[in-house]
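Take the position in the sequence shown, starting the count at 1, then add 429; the result is the number in this note's numbering. Notes for the one structure printed next.
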Amino acid sequence: MWGLTPLYTQFLEHVPYFEVIIHRVLWSLPGVFLAFRCFSGDMASLKYTVKNTKVLLMLILSATLLACHWGVFIYALLAGRGFETSLSFFITPIISIALGTLFLKEKMSKMQVAATIITVTALLIMTFYKGLPFLSLSIAITWSSYCFTRKTIAAKSIDGFLLEMFFLSIPSIIIAVWLYNKGESHFLNGFSDTMLLVGYGIINSIVFCVFSYAIKITKLSTVGIMEYLAPIVMMINTIFVLKQPISKIDIIVFILIFVSLLIYILPVVLTNKETVIKSKNNKN
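Below you can see the structure in the form of structure tokens.
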């Protein structure tokens, strides 16, 4: 679903990116609350989280990181920077792996080290020929930092995301009202724009609820592997659907990073396959 985001945002190109951000927050909140009531509904757990000052402060930090990430990400999409956006999500797993290795003591295999070296080499090539990819790095760093922070917070995934959206909704409501009073709001100023902004938030709430849960139950390095899927879909959409131009250097960088993906994922796939086979043999 994340990989299809650029297609949706094409319909919002005429809307200022900060307005898209605030409505993404506002319309994620009811969606997340509904998910909380349907799939968790543990008010005792939520109350415990709210009463825990340390957890609340950490959630405010993670919410701030998420807002920064959304800001850069949405700006890049609306500006037609599809390649840089997809590249950022290829960089993100490397940063996630580094954070997991340095702070959570998650071990890297030799194959994973090799994949990381290839990815770094690809980024150096990009930097040499086209300059440092600031936009890609900004998206990657803010997202990896958010994932790392959420991994360390002692709160249920759905509780944490609900509170994050609540914290972000306060300034979002203020800005939305301010824009409406100035007559510069696209919300409630046309049926299509209103529905697109609402829909963007609802889709976002679904994706993030699933992802927040995944972060809590998997290793950060495994999250890094799965994050490769979204940029592949984004890249395909950028080239074949949105027809955005890419250079030969872009293609070379993409090929190198894709090779690193194969090197990185192959051991995981083989390990999972062996686990399934052993499980079947034990049952027999």
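A virtual CB, placed ideally from N, CA and C, is assigned to each residue, including glycine.
What number of angstroms, rounded off, separates the C-alpha of residue i from the C-alpha of residue j?
i, j, result
"L716", "Y504", "Outside the modelled stretch of the chain, which goes from 430 to 713, sits residue 716, for which no answer is possible."
"F557", "S517", "17 Å"
"P522", "I568", "12 Å"
"Y477", "L592", "12 Å"
"E442", "F502", "13 Å"
"T530", "K539", "13 Å"
"W499", "F577", "16 Å"
"S525", "V662", "20 Å"
"T482", "T571", "24 Å"
"I668", "I520", "19 Å"
"L488", "L475", "13 Å"
"K534", "T434", "33 Å"
"G621", "H452", "Here residue 621 turns out to be Ser, not Gly, going by the sequence shown. Looking at the two C-alpha atoms, the distance is approximately 14 Å."
"K480", "A584", "12 Å"
"I604", "I582", "29 Å"
"L695", "I547", "15 Å"
"L506", "F512", "9 Å"
"S634", "V688", "32 Å"
"D588", "F465", "7 Å"
"L486", "S469", "23 Å"
"F440", "K536", "43 Å"
At which residues does the alpha helix (DSSP H) containing residue i begin and terminate?
i, result
"D471", "Unbroken run through D471: none, as it is neither H nor E."
"S598", "586-611"
"Q541", "539-559"
"L495", "482-507"
"T667", "Here T667 belongs to no alpha helix (DSSP H), and DSSP marks it neither H nor E."
"P435", "434-438"
Helix, strand or coil for residue i, going by three-state DSSP, please let me know.
i, result
"F616", "coil"
"E448", "helix"
"I661", "helix"
"P459", "helix"
"T571", "helix"
"T581", "coil"
"L516", "helix"
"L533", "coil"
"P562", "coil"
"S621", "helix"
"I686", "helix"
"V705", "Unreliable placement is indicated for V705, whose pLDDT of 47 sits below 50; the coordinate value is still reported in the next sentence. Helix, per DSSP."
"R453", "helix"
"S676", "coil"
So the candidates are the options; which of them puts its Cα closest to the Cα of residue i?
i, options, result
"L691", "L566, T545, F512, K580", "T545"
"Y437", "L625, P674, P696, F590", "L625"
"L528", "L506, Y575, I554", "Y575"
"F563", "T514, K536, S621", "T514"
"V549", "L695, I694, P696, L685", "L685"
"P459", "K559, S586, F595, P696", "F595"
"S457", "S601, Q439, P445, L695", "S601"
"S614", "Q439, F440, V449", "V449"
"C497", "C467, I547, Y446, L463", "Y446"
"D471", "S676, S586, M555, L490", "S586"
"K580", "V627, P674, I665, S491", "S491"
"R510", "I680, M664, Y693", "M664"
"D679", "I554, C467, L463, Q541", "I554"
"L463", "I675, V444, F590, L608", "F590"
Is residue i near the ligand NAP, judged by its Cβ being under 7 Å from some heavy atom?
i, result
"F447", "Here there are no bound small molecules, and the ligand NAP is not part of this structure."
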